[in-house]
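Heads up: the sequence shown begins at 0 in numbering that gives the first Met the number 0, then just goes up one per residue.
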Amino acid sequence: MNVKKQIFKGTLYAVVAGCMWGISGIFGQLFFRDYHGSPLWITSTRLTIAGIILLAMSFSRDHKRFFDVWKSKKNMPTLFLYVFGGVFSVQYFYYVAIQLSNSATATILQYTAPVFIMLYLLIFQRQVPKPKSVLFVILAMIGVFLLITDGNIKHLSISPLALVTGLLAGVAVVIYSIIPRPLLDKYGALNMTGWGMMLAGIACNIFYPVWRIVFRIEPLSIFYVLTISIVGTALAFLLLLRAFQLISPLVVSVATATEPLTSVFLSIPLFGLKLTPLELLGIVMVIVSVILLSKSEQA
């Protein structure tokens, strides 16, 4: 695969993963509105279901190498840091930040991840980011801010603890973006995503077990839960880790800013949302920054 095709493919995977998260967020909103389900319950459930599905797929594809990642003690620190410092922490700290502030604030803080990624690459890998890349990251972050807050800083609610937990969610994004790369290359995205989801799901069940159901079980509620678990978790994270194998984590972290874009577009017909000029500007800024950053990567 030539470099341009690889970068295009990786960027596309990340964009689609972001869109899937956006779809998942909308279905989550519908689930909370119509059934008053618990965010902690849906987190435990989505990770557990996604883990079971992906591990089943991994086993059916290559059962001989299914447990290979567990056969070397050298893999354990990386694996557990990826699972608990990355997959579990991004879910946990994001929802804690929402509880301590609001969803807009938590999302803005989580999207500081590209900045942390640039700092990590600079400090630990001595990779100085291109000035253009820094500009495009800033452009995307401003776009996300405008899209979520309509340019009104009063929509944000930041206590010291909310700030810390929101930034920790951003750091967790960096961990699951960068840390598992050696394991991904050796054992494959499908196997690693499956183990990551399953172990993180087990950890979440300690806080809120899946059998503690407090909503009506009916076809529509089951549909919401399965969509969130399969589309927004299993498939989205699988595409995301595949993207990390093809392009830099910086490009991936910016490309997944399509998540709030998708949420906004779906909210127009579903919730009667009307876009303001500043929100439209935010959409354009995110799209342009993703395209330009991807092209900059190819240069």
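Glycine included, C-beta positions come from ideal geometry on N, C-alpha and C.
When we look at the beta-carbon of Ser158 and count the other beta-carbons within 10 Å, is it buried (16 or more) or exposed? exposed
Backbone CA spacing between Ser88 and Ala168 [nearest angstrom]: 7 Å
Inter-stretch contact at 8 Å, needing at least 3 Cβ pairs: the stretch 1 to 21 / the stretch 227 to 247: yes
CB contact flag (Gln109, Gly17, <8 Å): no
Residue burial classification, Trp69 (beta-carbon count within 10 angstroms, cutoff 16): exposed
Evaluate the contact criterion for the stretch 246 to 265 versus the stretch 63 to 77: three or more CB pairs, one atom per stretch, below 8 Å. no
Taking the alpha helix (DSSP H) that Val114 belongs to, which residues open and close that run? Ala112 to Phe123
Assign Arg211 to buried or exposed, taking buried as 16 or more other Cβ atoms, counted over all protein chains shown, within 10 Å of its Cβ. exposed
Between Ser266 and the rest of its own chain, which residues show a CB-CB distance below 6 Å, the 5 nearest in sequence each way excluded? Leu272
Nearest to Ser305 by CA position, among Trp40, Lys131 and Leu277, is which residue? With the chain running from 0 to 298 in the structure shown, residue 305 is simply not present.
Thr47 to Leu277, Cα distance in whole Å? 39 Å
Cutoff 6 Å; reference Met117; Cβ partners in own chain excluding five residues on either side: Pro128
Taking only three categories from DSSP, how would you classify Ser71? coil
With distances taken Cα to Cα, identify the nearest neighbour of Pro259 among Leu99, Thr106, Ala233 and Leu54. Thr106
6 Å Cβ shell around Gly36 - same chain, five flanking residues per side excluded: Phe30 and Phe214
At which residues does the alpha helix (DSSP H) containing Ile141 begin and terminate? Pro130 to Thr148
For the candidate residues Ile229, Ile286 and Ile178, whose alpha-carbon lies nearest to that of Phe243? Ile178
For the candidate residues Val173, Val224 and Ile216, whose alpha-carbon lies nearest to that of Val86? Val173
Does DSSP put Thr261 in a helix, a strand or coil? helix
In terms of alpha-carbon separation, which member of Arg45, Ile25, Trp20 and Met19 lies closest to Val224? Arg45
Shortest alpha-carbon distance to Tyr207 belongs to which of Asp149, Arg32, Gln28 and Tyr91? Tyr91
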